[in-house]
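In terms of full-length UniProt numbering, the sequence shown opens at residue 1 and continues consecutively.
C-beta: ideal position from N, C-alpha, C; glycine also.
Computed from a predicted model, the values in this text were never measured in an experiment.
What follows is a single structure, written as structure tokens, with notes after it.
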Amino acid sequence: MLAKELAYSVASNQQDKLAVALSKVEGKDIVNFAKALESTSPTIGEKVCRTRSGKGENNYARYSEKTSWFKISDNDTALCGDIGGTSGHNSPRVNIFKDFIAKTLGDGSRNWPTSSGTKSTENDNANAVAADLVKNLTMEEKGIVAGLFSRTIEGGEAAKISAISTTSVMLNVCYDFYGKESSIAPYACAGIGSNFVGIVDSHIVPKLAYKLKAGIGCQISPEISIFAGGFYHRILGDGRYADLPVKRLFYDESPKGAQKIPQLLISA
1 MLAKELAYSV ASNQQDKLAV ALSKVEGKDI VNFAKALEST SPTIGEKVCR
51 TRSGKGENNY ARYSEKTSWF KISDNDTALC GDIGGTSGHN SPRVNIFKDF
101 IAKTLGDGSR NWPTSSGTKS TENDNANAVA ADLVKNLTME EKGIVAGLFS
151 RTIEGGEAAK ISAISTTSVM LNVCYDFYGK ESSIAPYACA GIGSNFVGIV
201 DSHIVPKLAY KLKAGIGCQI SPEISIFAGG FYHRILGDGR YADLPVKRLF
251 YDESPKGAQK IPQLLISA
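Structure, rendered in structure tokens:
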């Protein structure tokens, strides 16, 4: 799930992976993310796509629909976090993430993940946003961003798993290796059957499984025997449990919701 990849990359400071993931996100979803960020944590947006002044104090880059051929004087840019020109002195205000969204991305149909105009490079805006999210935010702020990604990109859904239960029904075949004059006998068993795994609120999934068991048994009296051994039990297949009943996360801002069926992977 793309939202999970975004959230994990920003939380774990993996700038390159975050940039690649952001380049796969549609522009309209970046707009939804930015709106959610502005409404919940506007101070974070002040650290993202923050423009710089070229020369002097009044030459901040100014967001526009495309980077101008005459940026040296008019400061117009479509690149996140760009630097202003060296003349003109007509742009005294720093532009931030909300300005980038409003003036450059618009409804998300332009300038994402690549800017337009002079000297643009592939995925330059996605790379710039990734760099700001990783380098400029505190760990607490990154946690907030990761949460917003999960709610605004592709739609966030969750399955509440209060407990996982499993019931095995196996057909076993065993063999005892008795010695002629010994009360101790090794044994081995092999079995095949099914695991019935309960994951979420009566959602039970049958899975084909097998079991291998070995140990020793000791008869200490005609009525009493003791056993010691171990077993290996494995579910056949990939261990994925699809079609889990899910609930939408609160404040899910995505227009389409989740694009993939949630799955749980259990290793056995």
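Using only CA atoms, which one of the options lies nearest to residue i?
i      : options                          : result
Glu140 : Ser41, Ser225 and Ser23          : Ser41
Gly85  : Asp124, Gly54 and Cys174         : Gly54
Ile192 : Tyr210, Tyr178 and Ile184        : Tyr210
Val129 : Gly198, Val173, Val31 and Ser68  : Val31
Lys98  : Lys119, Tyr232, Val205 and Arg62 : Arg62
Can you name, in chain order, every residue of its own chain whose Cβ lies under 6 Å from the Cβ of residue i, other than the five neighbours on each side?
i      : result
Glu65  : none
Asn195 : Thr166, Ser168, Lys207, Ala209 and Ile235
Helix or strand or just coil, what does DSSP make of residue i?
i      : result
Lys213 : strand
Asp29  : helix
Glu5   : helix
Gln259 : With a pLDDT of 44 at Gln259, under the threshold of 50, the modelled position of this residue cannot be trusted, and the question is left open.
Lys180 : coil
Thr104 : helix
Phe70  : coil
Once you ignore the five residues that flank residue i on each side, which residues in its own chain have a CB closer than 8 Å to its CB?
i      : result
Ser183 : Cys218, Gln219 and Ile220
Val173 : Cys189, Ala190 and Gly191
Taking all protein chains shown into account, do 16 or more other C-beta atoms lie within 10 angstroms of the C-beta of residue i, making it buried, or fewer, making it exposed?
i      : result
Phe100 : buried
Ala36  : buried
Trp69  : exposed
Phe177 : exposed
Ala228 : exposed
Val134 : buried
Ile44  : buried
Asp107 : exposed
Leu6   : buried
Thr104 : buried
Below 8 Å on the Cβ atoms is my contact criterion, and I expect residue i with residue j to pass it. Report the Cβ-Cβ distance as a whole number of Å.
i     : j      : result
Thr51 : Asn111 : That belief does not hold up - the Cβ atoms of Thr51 and Asn111 are roughly 15 Å apart, past 8 Å.
Asp76 : Thr67  : 7 Å
Can you give me the Cβ contacts of residue i inside the same chain, cut-off strictly under 7 Å, excluding the 5 residues immediately before and after it?
i     : result
Lys17 : Ser9
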